[in-house]
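S.K.: I'd like to ask you about the structure that follows.
There are 2 protein chains.
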Amino acid sequence: MAVYTQVTAEEINEFITQYDVGEVVSFKGIAEGSENSNYFLQTTEASFILTLFEARVNPDDLPFYMGLMDHLNHKNIVCATPVRDREGSNLKTLCGRPAALITFLNGMAVNRPKPEHCRQLGGELARMHMAAADFDMSRENDLSVSGWEKLVADCEAEADRCAPGLRNVLNEELAFLKANWPVDLPKGIIHADLFPDNVFFLDGKLSGLIDYYFACNDFFAYDIAVCMNSWCFEADGSFNITKSTQLLKGYNEVRPLGQQELQALPLLCRGAALRFLLTRLYDWLNRVEGALVQVKDPTEYLTKLRFHQEVRNATAYGLDM
Amino acid sequence: MAVYTQVTAEEINEFITQYDVGEVVSFKGIAEGSENSNYFLQTTEASFILTLFEARVNPDDLPFYMGLMDHLNHKNIVCATPVRDREGSNLKTLCGRPAALITFLNGMAVNRPKPEHCRQLGGELARMHMAAADFDMSRENDLSVSGWEKLVADCEAEADRCAPGLRNVLNEELAFLKANWPVDLPKGIIHADLFPDNVFFLDGKLSGLIDYYFACNDFFAYDIAVCMNSWCFEADGSFNITKSTQLLKGYNEVRPLGQQELQALPLLCRGAALRFLLTRLYDWLNRVEGALVQVKDPTEYLTKLRFHQEVRNATAYGLDM
């Protein structure tokens, strides 16, 4: 939680003249988001989020993210959408950073999702997958198998500092996933980071998805696996099969899952667990004392990985097909 | 800039039922304020700031702050005001912290105030002083002479780590101020921390004052001295007499300054400079690696103190009376 780049009143007043959105009424830095700087901006006409993209985001990927949000919004998937300036551009520069003015999405993230939240999540995820089918840009998932390979190489020497025996776990899991990773599952645009923080609810109803800045082309079912990891485990590390059943049901009602996808779920869940274990481990090993962002616990995802390693087939996730 | 206490969607939804303000539409932590946790809260009816008071605020002082904001608001001084719950209370508890729901004030702090901003500031400061005259609570200024004495005692041994010779400067200045501090200037409620961050402007007009959490009873002219230090120096340390002239003019138009007050200004400015030098020095010496809040530079106020030490009379501040 942080604002990395400070934008002054003078700078935002000047910036906003490029858009047809009225005049600034209020402007406050938001203590959310661990990658970018976000501001809440209220104008005489509406509310917005101003995002300044910081060093970890590849500027070359920004047109893909902006285009995707725009596309989904036109397809009635409720998500924050970049606003175009008077010249039609939805990506600008402010304080030396790429910057986007994004529509404000009502709702709040839930801290402890209930099964009903998981069901709605599943449905919206499937709708999003289908709505993106005719989006004409693509972005490779740089945090799939070859990305994990790089992260293991970067982290393995120091991994046991985080958890004894972790180096072996990482190497064995990577070898297993490389040998068994599917090649022919249904693919398309996925969100790839749909944690509870990135899903808003209002009055108990899902009100929108945010933070598309890991979106890419990959297996649809891998997106489900990311959600299974982030929505269906309890704080004590136990897996909640009621929640995963609802997640899968919600999804399956909108976009029926094929047998191959279901069979691949345990493997995909292992891959998703390894992905977040590795990025958290990288951040943990490279943490800077005094940094604004709190480093997340890598071992949470080690526990999740171990759970999926024991799963023999998708019935462990509760969908009885 | 930080949110120290995390409030979940479930907790804020529950909390808000105690008020007659509609239902929660949006809730986001704000990266502002170095003492308390602040959230932006939008309901179906209006926008608010939710403040959770953290360890540095004395809970016994909160009824004074809440009462003062309430009083000033009724006197048409635009400031954020605590909202009362259904039982009439404007001070509650949330997540184990004292908490207040405060009305949302439009406008933005200016980063580089211009003379015109200073003039408006002066006028509003004088109006605030007069509006608080019949407020029936009081709070001693614990950051006046006896407070400085404690801070010098706490900091002097290590002070030279911050700036060579600082220990001597502190002791000599404290001795001088103790011997010369005025006793009979006009007194009343003062803001005592009216930095540019705490004054909002909208369309170039002053739209309100925030952050009354240092307010106390002291000399009115001391409040001007605090503003003189925080509004009238340039980033390079030079004093801008045009700004101070406008500040004093704006004030004097609303509440004419007496000869005694004007004569005391150089001394009061030294006191105000020492006060912020000491609290910044204390924070600097006691800074924790990894803390969320960036420690402000104490030597900025050493430079300001030195300027005021050379001032022989109030004409150096530009008001020719």
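In order, the protein sequence lines correspond to chains R and G. This note's numbering puts the first residue of the first sequence at 1, with every later residue one more than the last. This note's numbering puts the first residue of the second sequence at 1001, with every later residue one more than the last. Think of the CB as a built atom: it goes at the ideal place given N, C-alpha and C, for glycine as much as any other residue. Quantities reported herein were computed from a predicted structural model and do not represent experimental measurements.
Going residue by residue through the segment 17-45 of chain R, where are the continuous beta strand (DSSP E) segments of at least 3 residues, counting only ones entirely within it?
M.R.: DSSP runs (the beta strand (DSSP E)) wholly in the segment 17-45 of chain R: 24-29 and 37-43.
S.K.: Suppose the cutoff is 7 Å on Cβ atoms and the five residues either side in sequence are ignored; what does the same chain contact list for A1253/G look like?
M.R.: Here residue 1253/G is taken as the residue at index 253 of the second sequence, counted from 1. It is worth fixing the name first, because residue 1253/G is Glu in this sequence and not Ala. Taken in chain order, the residues that qualify are G1123.
S.K.: Report the rounded CA-to-CA distance for D20/R versus D85/R, giving the unit in angstroms.
M.R.: Against the first sequence, residue 20/R aligns to sequence position 20. Against the first sequence, residue 85/R aligns to sequence position 85. Each residue's alpha carbon lies about 7 Å from the other.
S.K.: Starting from the beta carbon of T8/R, find every residue of chain G whose beta carbon is closer than 7 Å, and list them in chain order.
M.R.: Along the first sequence, one-based indexing puts residue 8/R at 8. Those are N1111, listed as they occur along chain G.
S.K.: Applying the criterion that 16 or more other CB atoms from any shown protein chain within 10 Å of the CB defines a buried residue, is K1304/G buried or exposed?
M.R.: Counting from one through the second sequence, the residue named residue 1304/G turns up at place 304. With 16 or more Cβ atoms within 10 Å of its Cβ, K1304/G is classed as buried.
S.K.: Answer with buried or exposed for D1060/G, where buried requires no fewer than 16 other C-beta atoms within 10 angstroms of its C-beta.
M.R.: Along the second sequence, read from residue 1 onward, the residue named residue 1060/G stands at position 60. With fewer than 16 other Cβ atoms within 10 Å, it is exposed.
S.K.: Using beta-carbon positions only, say whether I102/R and I30/R come within less than 8 Å of one another.
M.R.: Here residue 102/R refers to the residue found at position 102 of the first sequence. Here residue 30/R refers to the residue found at position 30 of the first sequence. Their beta carbons are not under 8 Å apart, which means I102/R does not touch I30/R by this criterion.
S.K.: Considering only their Cβ atoms, is the gap separating P256/R from L277/R smaller than 8 Å?
M.R.: Here residue 277/R is taken as the residue at index 277 of the first sequence, counted from 1. Here residue 256/R is taken as the residue at index 256 of the first sequence, counted from 1. Cβ atoms of L277/R and P256/R: not closer than 8 Å.
S.K.: Let me know the secondary structure DSSP gives K114/R once reduced to three states.
M.R.: For this step, residue 114/R is matched to residue 114 along the first sequence. It is coil, neither helix nor strand.
S.K.: Between L1105/G and V1145/G, is the Cβ-Cβ spacing less than 8 Å?
M.R.: Looking up residue 1105/G in the second sequence gives position 105. Looking up residue 1145/G in the second sequence gives position 145. The answer is no: Cβ separation not under 8 Å.
S.K.: Using beta carbons (cut-off 8 Å, strictly below), is F27/R in contact with chain G?
M.R.: To locate residue 27/R, count along the first sequence from 1; it is residue 27. With 8 Å as the cut-off, F27/R counts as an interface residue toward chain G.
S.K.: From the beta carbon of G1022/G, is the nearest beta carbon of chain R less than 8 Å away?
M.R.: Working through the second sequence from its first residue, we reach residue 1022/G at position 22. With 8 Å as the cut-off, G1022/G does not count as an interface residue toward chain R.
S.K.: From V1083/G to V1025/G, what does the alpha carbon distance come to, in whole angstroms?
M.R.: Numbered from 1 along the second sequence, position 83 holds the residue referred to as residue 1083/G. Numbered from 1 along the second sequence, position 25 holds the residue referred to as residue 1025/G. Those two C-alpha atoms are separated by around 18 Å.
S.K.: Between the alpha carbons of I1016/G and M1069/G, how many angstroms are there, rounded?
M.R.: As a first step, residue 1016/G must be located in the second sequence, where it is residue number 16. As a first step, residue 1069/G must be located in the second sequence, where it is residue number 69. Near 21 Å, if we compare the C-alpha coordinates of M1069/G and I1016/G.
S.K.: Using the rule of at least 16 other Cβ atoms within 10 Å of the residue's Cβ for burial, across every protein chain shown, is E310/R buried or exposed?
M.R.: Within the first sequence, numbered from 1, the residue matching residue 310/R stands at position 310. That one is exposed.
S.K.: Please give the ranges of any alpha helix (DSSP H) in the segment 1189-1268 of chain G, keeping only runs that are unbroken, at least 4 residues long and fully inside the region.
M.R.: Counting whole runs of 4 or more residues, the segment 1189-1268 of chain G contains the alpha helix (DSSP H) stretches 1220-1231 and 1241-1254.
S.K.: In the DSSP assignment, find the unbroken beta strand (DSSP E) run with K296/R in it and report its ends.
M.R.: Your numbering for residue 296/R matches position 296 in the first sequence. Neither: K296/R is in no beta strand (DSSP E) and is coded neither H nor E.
S.K.: Give the DSSP bridge partners of T1081/G, in chain order.
M.R.: On the second sequence, position 81 is the one that residue 1081/G refers to. BP columns for T1081/G are empty, so no partner.
S.K.: Between G204/R and chain G, is any beta-carbon pair separated by less than 8 Å?
M.R.: What you label residue 204/R is simply residue 204 of the first sequence in a count that begins at 1. Not one chain G Cβ lies under 8 Å of G204/R.
S.K.: Would you give the residue range spanned by the alpha helix (DSSP H) that A1159/G belongs to?
M.R.: Translated into positions along the second sequence, residue 1159/G becomes position 159. Where A1159/G is concerned, the enclosing alpha helix (DSSP H) stretches over V1145 to A1159.
S.K.: Could you tell me the distance, in whole angstroms, from the CA atom of M1001/G to the CA atom of V7/R?
M.R.: Here residue 1001/G refers to the residue found at position 1 of the second sequence. Here residue 7/R refers to the residue found at position 7 of the first sequence. In this predicted model, M1001/G has a pLDDT of only 46, less than 50, meaning its place in the structure is not dependable enough to derive any value.
S.K.: Thinking C-alpha only, which one of I1190/G, G1188/G, W1148/G and D1184/G is nearest N1171/G?
M.R.: Along the second sequence, read from residue 1 onward, the residue named residue 1171/G stands at position 171. Of the candidates I1190/G, G1188/G, W1148/G and D1184/G, the one whose C-alpha sits nearest the C-alpha of N1171/G is W1148/G.
S.K.: Contact check, E1023/G vs T1044/G under 8 Å by CB: the rounded distance?
M.R.: Counting from 1 along the second sequence, the entry for residue 1023/G is found at position 23. Counting from 1 along the second sequence, the entry for residue 1044/G is found at position 44. Going by Cβ atoms, the distance from E1023/G to T1044/G rounds to 5 Å, so yes, they are a contact pair.
S.K.: Which of the three DSSP states, helix, strand or coil, is assigned to P322/R?
M.R.: One cannot answer for residue 322/R here, as it falls past the ends of chain R, which runs 1 to 321.
S.K.: Please confirm if N106/R has its CB atom under 8 Å from at least one CB of chain G.
M.R.: On the first sequence, residue 106/R is found 106 positions in, with the first residue counted as 1. Interface residue, yes.
S.K.: What first and last residue would you give for the alpha helix (DSSP H) that runs through A1179/G?
M.R.: Numbered from 1 along the second sequence, position 179 holds the residue referred to as residue 1179/G. Start and end: L1166 to N1180.
S.K.: Just how far apart, CA to CA, sit A163/R and K1243/G?
M.R.: For the purposes of this step, residue 163/R is identified with residue 163 of the first sequence, where counting begins at 1. For the purposes of this step, residue 1243/G is identified with residue 243 of the second sequence, where counting begins at 1. Rounded to the nearest angstrom, the two C-alpha atoms are 59 Å apart.
S.K.: Does I1030/G get closer than 8 Å to chain R when you measure Cβ to Cβ?
M.R.: By one-based count along the second sequence, residue 1030/G stands at place 30. Yes, its Cβ sits closer than 8 Å to a Cβ of chain R.
S.K.: When you compare the CB of F40/R with every CB in chain G, is at least one pair closer than 8 Å?
M.R.: Working through the first sequence from its first residue, we reach residue 40/R at position 40. Chain G contact via Cβ: present.
S.K.: So, at 6 Å on beta carbons, what are the nonlocal neighbours of G1271/G in its own chain, with the 5 sequence-adjacent residues on each side left out?
M.R.: Position 271 of the second sequence holds residue 1271/G. Cβ within range, chain order: L1177.
S.K.: Should L194/R and L125/R be called a contact, given that it needs their Cβ atoms to be closer than 8 Å?
M.R.: As a working mapping, residue 194/R is identified with position 194 in the first sequence. As a working mapping, residue 125/R is identified with position 125 in the first sequence. Result yes, Cβ atoms of L194/R and L125/R sit closer than 8 Å.
S.K.: Nearest CA to the CA of A100/R: which residue from S37/R, C118/R and A109/R?
M.R.: Residue numbering aside, residue 100/R sits at position 100 when the first sequence is read from its first letter. With distances taken between Cα atoms, A100/R lies closest to S37/R.
S.K.: How would you call E1140/G, buried or exposed, if buried means at least 16 neighbouring beta carbons within 10 angstroms?
M.R.: In the second sequence, the residue the question calls residue 1140/G occupies position 140. By the 10 Å Cβ count, E1140/G comes out exposed.
S.K.: In chain order, what residues of the same chain lie with their CB nearer than 7 Å to the CB of F1201/G, ignoring the 5 residues before and after it?
M.R.: As a first step, residue 1201/G is located in the second sequence; it is residue number 201 there, counting from the start. Within the same chain, F1201/G has close Cβ partners G1107, M1108, V1110, H1117 and S1207.
S.K.: Measure the alpha-carbon distance for T1279/G versus L1151/G and round it to whole angstroms.
M.R.: Along the second sequence, one-based indexing puts residue 1279/G at 279. Along the second sequence, one-based indexing puts residue 1151/G at 151. So the alpha carbons of these two residues sit roughly 7 Å apart.
S.K.: Mapping the DSSP letters down to three states, classify T1008/G as helix, strand or coil.
M.R.: As a working note, residue 1008/G is residue 8 in the second sequence. Three-state result, T1008/G: coil.
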